[in-house]
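Quick notes on the structure that follows.
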Amino acid sequence: MKGKSRLYANGRVFQEQHHWVQSEAHLLRVQSLTDQLVIVHNRRCQLELSKSYMNHIVHSSILYDIGKAEIPEGILYKPGPLSPYERKIIEMHPLMGSDILNKISREINNDVISSLEVAENIILHHHEKWDGTGYPHRFKGEEIHLEARIES
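In the numbering used here, each residue's number is its place in the sequence shown (first place is 1) plus 4.
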């Protein structure tokens, strides 16, 4: 199995085993919108991003919330407002997602390492905000990796 396909398959198995599955339709919409955004942004800003890098962004975009697989269901699906403690737990999902990716990546060939870096940046930084009020690292502006800015 090729690296990207194996990464996707391992991510799906992990999510299913942990009773947390984004709908496939949602993930395909995220991927499609990311594809459109990266193409338009590349053209509009004349970034001259490589096709390979843009493909890594698109293929990695579906893993953005994989860390939520580690969040207790009682918090993840809580119908009312979250307590400050519960909010802190939710805000840890990017870090948890990075850990999951690292565990999965041990089974993958080294020839996809650049796409793993892109995936990790998306997973870790998709909740960062331009003004620095996001999480988990409070990055702001261009401190946020391009692939995370496009995906989020």
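In this text, a Cβ means the ideal position worked out from N, Cα and C, and glycines have one as well.
On the DSSP letters alone, give me the boundaries of the alpha helix (DSSP H) that residue i sits inside.
| i | result |
| --- | --- |
| GLN35 | 28-48 |
| ARG153 | 150-155 |
| GLU77 | 77-80 |
| PRO98 | 97-109 |
| SER54 | Counting along the chain, SER54 falls outside any alpha helix (DSSP H), and DSSP gives it neither H nor E. |
| ILE70 | ILE70 -> no alpha helix (DSSP H), and no H or E assigned at all. |
| GLU90 | 88-94 |
Once you ignore the five residues that flank residue i on each side, which residues in its own chain have a CB closer than 6 Å to its CB?
| i | result |
| --- | --- |
| HIS23 | Bear in mind that the predicted position of HIS23 carries a pLDDT of just 43, short of 50, making it unreliable; the figure below should be weighed with that in mind. So the list is empty, once near-sequence residues are dropped. |
| ASP39 | VAL62 |
| GLY101 | ILE70, GLY71 and ILE127 |
Measuring CB to CB, does residue i end up less than 8 Å from residue j?
| i | j | result |
| --- | --- | --- |
| LEU120 | PRO98 | no |
| LEU105 | ILE66 | no |
| ILE126 | TYR68 | yes |
| LEU53 | ASN46 | yes |
Please look up how many angstroms separate the CB atoms of residue i and residue j, rounded, as I've assumed it's under 8 Å.
| i | j | result |
| --- | --- | --- |
| GLU155 | HIS130 | 6 Å |
| ILE79 | ILE61 | In fact, because the Cβ distance is near 29 Å, the residues do not count as touching under 8 Å. |
| GLU132 | HIS141 | 7 Å |
| GLU74 | LYS82 | Their Cβ separation, rounded to whole angstroms, is 16 Å, which puts GLU74 and LYS82 out of contact at 8 Å. |
Can you name, in chain order, every residue of its own chain whose Cβ lies under 8 Å from the Cβ of residue i, other than the five neighbours on each side?
| i | result |
| --- | --- |
| LEU86 | ILE79 and ILE94 |
Using a Cβ-Cβ cutoff of less than 7 Å, which residues in the same chain neighbour residue i once the five nearest sequence positions on both sides are dropped?
| i | result |
| --- | --- |
| LEU41 | ILE154 |
| THR137 | none |
Assign residue i to one of two classes, buried (16 or more other C-beta atoms within 10 Å of its C-beta) or exposed (fewer than that).
| i | result |
| --- | --- |
| ILE112 | buried |
| ALA123 | buried |
| HIS30 | exposed |
| PRO88 | exposed |
| GLY145 | exposed |
| ILE108 | buried |
| SER36 | exposed |
| SER172 | Because the chain here runs from 5 to 156, residue 172 falls outside it and cannot be looked at. |
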